[in-house]
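Residue numbers (my numbering): 1497 to 1617.
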């Protein structure tokens, strides 16, 4: 029951237009681009006003080291951040010069990745 290329392409195009397919991505080797150290960071924010949250998110989203940024529901932490950098010194620079000085930051926890397990999903 295979589709020939033209109908298949039309179906994919409809899925893209309907917002079912959100995009495509490349899988990049972090060692090849100098970002072999991955750190999972949890952050607690002391402020409760919207402006502080928005400024925090906008600032971190613009940081090249930040691979993923999630605001969490429920209790602490308020954010999980996935950071990819070259080495420990680069992470220290990110932490001290970019993250820790942001308004409202109360606590930062760093979890260095020992091994990333491929789930093939």
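Even glycine gets a Cβ: it sits at the ideal position worked out from N, Cα and C.
Can you tell me whether residue i is buried or exposed? The criterion is at least 16 other CB atoms within 10 Å of its CB, across all chains shown.
i: residue 1580; result: buried
i: residue 1520; result: exposed
i: residue 1569; result: exposed
i: residue 1518; result: exposed
i: residue 1616; result: exposed
i: residue 1505; result: exposed
Give the C-beta separation of residue i and residue j to the nearest angstrom, bearing in mind that I take them to be a contact with Cβ-Cβ under 8 Å.
i: residue 1541; j: residue 1608; result: With a Cβ gap of about 22 Å, residue 1541 and residue 1608 do not count as contacting.
i: residue 1525; j: residue 1605; result: Not a contact, Cβ separation roughly 28 Å.
i: residue 1599; j: residue 1532; result: Not a contact, Cβ separation roughly 31 Å.
In terms of DSSP beta bridges, what is residue i paired with?
i: residue 1538; result: 1576, 1605
i: residue 1524; result: According to DSSP, which records beta bridges pairwise, residue 1524 is partnered with nothing at all.
Identify the continuous beta strand (DSSP E) that holds residue i and give its terminal residues.
i: residue 1565; result: 1562-1567
Could you please give the first and the last residue of the uninterrupted alpha helix (DSSP H) stretch that includes residue i?
i: residue 1510; result: 1501-1513
i: residue 1592; result: Element bounds for residue 1592: n/a, residue is neither H nor E.
i: residue 1546; result: 1546-1557
Can the beta-carbon of residue i be found closer than 8 Å to that of residue j?
i: residue 1578; j: residue 1593; result: no
i: residue 1582; j: residue 1530; result: yes
i: residue 1499; j: residue 1510; result: no
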